[in-house]
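J.:
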Amino acid sequence: MSDQSSSLDPSTVPAPPPSPVVVGFDGSRWGRAALFWAADHAVRTGSELDVWTWGETDDEVDDLTSGYPALRVRLHRAGPDPVRDLEAASLRAGTLVVGYQGRSTSPLGLDGLVLALVDVAACDTVIVRGEDSALRGAHQRVTVLVSGGEDDAQVLVRAAAVLGGGSVLRVVHAIPLHTAGDALVSNPQFVLDHAAHLLDELEPRPSYATTLLRFHPHEAIGRETDSDLLVVGSGDHHDLTGRCGSVTKAAVHHASCPVLIVRRPPSRIRLEASQ
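Right, here's the structure in full:
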């Protein structure tokens, strides 16, 4: 009897479905913005949507299910600690989405669960904030910050993956004019040239432009006012300290558009911890 499995054509094996998009929703204005941003992202990526709710949310969830009839939505009720529930949900998610302010947040403040989730989430995190034009995707531009660090490749790949049709990727390296240091600092254009090389190897190759800004990264974030999404890493020391870096925090606090924080792969975390 012949072995049928030995002649199996890998191209005929269906690809596994993408990991679900998880969103936390408390019924607030920014929670609603996160809910619909997550739904749009799930539709674009062919993912299912897991909605974790707390507070008064019934009407908004009804609007979601009626507005996206083809989207598979699963509803979950969070317990007294939404951060713990969302952290657990992130273990099987591709992206975790939350609004930057909740019902109890002051108009100038950041919801207390946001940075906690950025620190503990097992997947990439999107913090929904910014101008209405960015939430609508009106700029047709995604901006990604690169630093010359080891995570640049992963951040660039993720940024290219979330580009919508017709959108352009802007690759930004921000470094002050008068800074002493290693070769990456003395030749900052190398960082952008390396990023361009990485993007040129992607298939399909994204449409992109590179920009060198002679500012601190925190200042550059405030100047990026015409993007629909800002993509950053979680910071070089996140795996050691358990907390996101200062540039990531600046983006979450001050960006004029939603912020995607790219999580370092667990395999790399384990490798660096063993060295």
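In this note's numbering, the protein residues as written are 134 to 408. For glycine and all other residues, C-beta sits at the position ideal for the given N, C-alpha and C.
By Cβ distance, which residues of its chain are closer than 8 Å to Ala203, with the 5 residues on each side in sequence left out?
T.: What you label residue 203 is simply residue 70 of the sequence shown in a count that begins at 1. Result list for Ala203: Val176, in chain order.
J.: Per DSSP, what kind of secondary structure is Asp284 in: helix, strand or coil?
T.: Working through the sequence shown from its first residue, we reach residue 284 at position 151. Looking at Asp284 - three-state DSSP - the assignment turns out to be coil, as it is neither helix nor strand.
J.: Say whether the region 190 to 208 touches the region 164 to 172, bearing in mind that this needs 3 or more beta-carbon pairs closer than 8 Å, one atom from each stretch.
T.: Segments in contact, yes.
J.: Going by beta-carbon coordinates alone, are Ala267 and Val304 separated by less than 7 Å?
T.: For the purposes of this step, residue 267 is identified with residue 134 of the sequence shown, where counting begins at 1. For the purposes of this step, residue 304 is identified with residue 171 of the sequence shown, where counting begins at 1. No, they are not a contact pair.
J.: Given this structure, state the Cα-to-Cα distance separating Gly245 from Thr276, to the nearest angstrom.
T.: Looking up residue 245 in the sequence shown gives position 112. Looking up residue 276 in the sequence shown gives position 143. So the two alpha carbons sit approximately 26 Å from each other.
J.: Can you tell which of Gly366, Gly270, Gln287 has its C-alpha closest to the C-alpha of Ala166?
T.: Along the sequence shown, read from residue 1 onward, the residue named residue 166 stands at position 33. The shortest Cα separation from Ala166 among Gly366, Gly270, Gln287 belongs to Gly270.
J.: Given 8 Å as the limit, is there contact between the region 290 to 303 and the region 354 to 366, that is, 3 or more CB pairs closer than that?
T.: Touching, yes, given that three or more Cβ pairs across the two stretches are closer than 8 Å.
J.: How about Leu393 and Val259: are their beta carbons less than 7 Å apart?
T.: Locating residue 393 in the sequence shown gives position 260, counting from the first residue. Locating residue 259 in the sequence shown gives position 126, counting from the first residue. The answer is yes: Cβ separation under 7 Å.
J.: At which residues does the alpha helix (DSSP H) containing Gly245 begin and terminate?
T.: Against the sequence shown, residue 245 aligns to sequence position 112. 245 to 253 is the span of the alpha helix (DSSP H), which, as asked, contains Gly245.
J.: Which residues mark the beginning and the end of the beta strand (DSSP E) in which His209 is found?
T.: As a first step, residue 209 must be located in the sequence shown, where it is residue number 76. 206 to 210 is the span of the beta strand (DSSP E), which, as asked, contains His209.
J.: What is the DSSP secondary structure of Trp163, counted as helix, strand or coil?
T.: The residue given as residue 163 occupies position 30 in the sequence shown. Helix at Trp163.
J.: For the alpha helix (DSSP H) containing Ala342, list its first residue and its last residue.
T.: On the sequence shown, residue 342 is found 209 positions in, with the first residue counted as 1. Ala342 -> not in any alpha helix (DSSP H); beta strand (DSSP E) instead, spanning 341 to 346.
J.: Rounding to the nearest angstrom, what Cα-Cα distance links Leu168 and Gly297 in this structure?
T.: On the sequence shown, residue 168 is found 35 positions in, with the first residue counted as 1. On the sequence shown, residue 297 is found 164 positions in, with the first residue counted as 1. Looking at the two C-alpha atoms, the distance is approximately 19 Å.
J.: Output yes or no for whether 7 Å exceeds the beta carbon distance between Arg347 and Leu289.
T.: As a position in the sequence shown, residue 347 is number 214, starting the count at 1. As a position in the sequence shown, residue 289 is number 156, starting the count at 1. Not closer than 7 Å, so no.
J.: Quick one: what does DSSP say Ala329 is sitting in, helix, strand or coil?
T.: Position 196 of the sequence shown holds residue 329. DSSP places Ala329 in helix when its eight states are reduced to three.
J.: By DSSP's criteria, Trp185 is part of a beta bridge. Which residues make up the other side?
T.: What you label residue 185 is simply residue 52 of the sequence shown in a count that begins at 1. DSSP output for Trp185 lists Gly157, His209 as bridge partner(s).
J.: Are there three or more Cβ pairs, one per stretch, closer than 8 Å when the region 324 to 341 is compared with the region 378 to 393?
T.: The region 324 to 341 is not in contact with the region 378 to 393.
J.: Look up His306 in the DSSP assignment and say whether it is helix, strand or coil.
T.: As a first step, residue 306 is located in the sequence shown; it is residue number 173 there, counting from the start. Reduced to three states, the DSSP call for His306 is strand.
J.: Just confirm the distance between the C-beta atoms of Trp163 and Val261, as a whole number of angstroms; I'd bet it's less than 8 Å.
T.: In the sequence shown, the residue the question calls residue 163 occupies position 30. In the sequence shown, the residue the question calls residue 261 occupies position 128. Between Val261 and Trp163 the Cβ distance is about 6 Å, and since that is below 8 Å, they are a contact.
J.: Assuming Ala286 and Leu331 form a contact by the criterion Cβ under 8 Å, report the distance between their Cβ atoms to the nearest whole angstrom.
T.: Counted from its first residue, the sequence shown places residue 286 at position 153. Counted from its first residue, the sequence shown places residue 331 at position 198. Between Leu331 and Ala286 the Cβ distance is about 6 Å, and since that is below 8 Å, they are a contact.
J.: Checking the sheet assignment: what are the DSSP bridge partners for Leu363?
T.: Reading the sequence shown from its first residue, position 230 is the one you call residue 363. Thr276, Val392.
J.: Any idea if Glu116 is buried or exposed, counting beta-carbon neighbours within 10 angstroms, 16 or more meaning buried?
T.: Residue coverage of the chain in this structure runs from 134 to 408, which leaves residue 116 outside it and unanswerable.
J.: Are the CB atoms of Leu229 and Ala211 within a distance shorter than 7 Å?
T.: Along the sequence shown, one-based indexing puts residue 211 at 78. Along the sequence shown, one-based indexing puts residue 229 at 96. Contact flag unset, no.
J.: What's the C-alpha gap between Glu220 and Val184?
T.: The residue you call residue 220 lines up with position 87 of the sequence shown. The residue you call residue 184 lines up with position 51 of the sequence shown. Rounded to whole angstroms, Glu220 to Val184 spans 13 Å at the Cα level.
J.: Please determine, among Val206, Asp159, Arg225, the residue with the shortest C-alpha to C-alpha distance to Asp214.
T.: For the purposes of this step, residue 214 is taken as residue 81 along the sequence shown, with counting starting at 1. Nearest option by C-alpha distance: Asp159.
J.: Whole angstroms is fine: what's the gap from Gly179's alpha carbon to Val295's?
T.: Your numbering for residue 179 matches position 46 in the sequence shown. Your numbering for residue 295 matches position 162 in the sequence shown. The straight-line gap from Cα to Cα measures roughly 12 Å.
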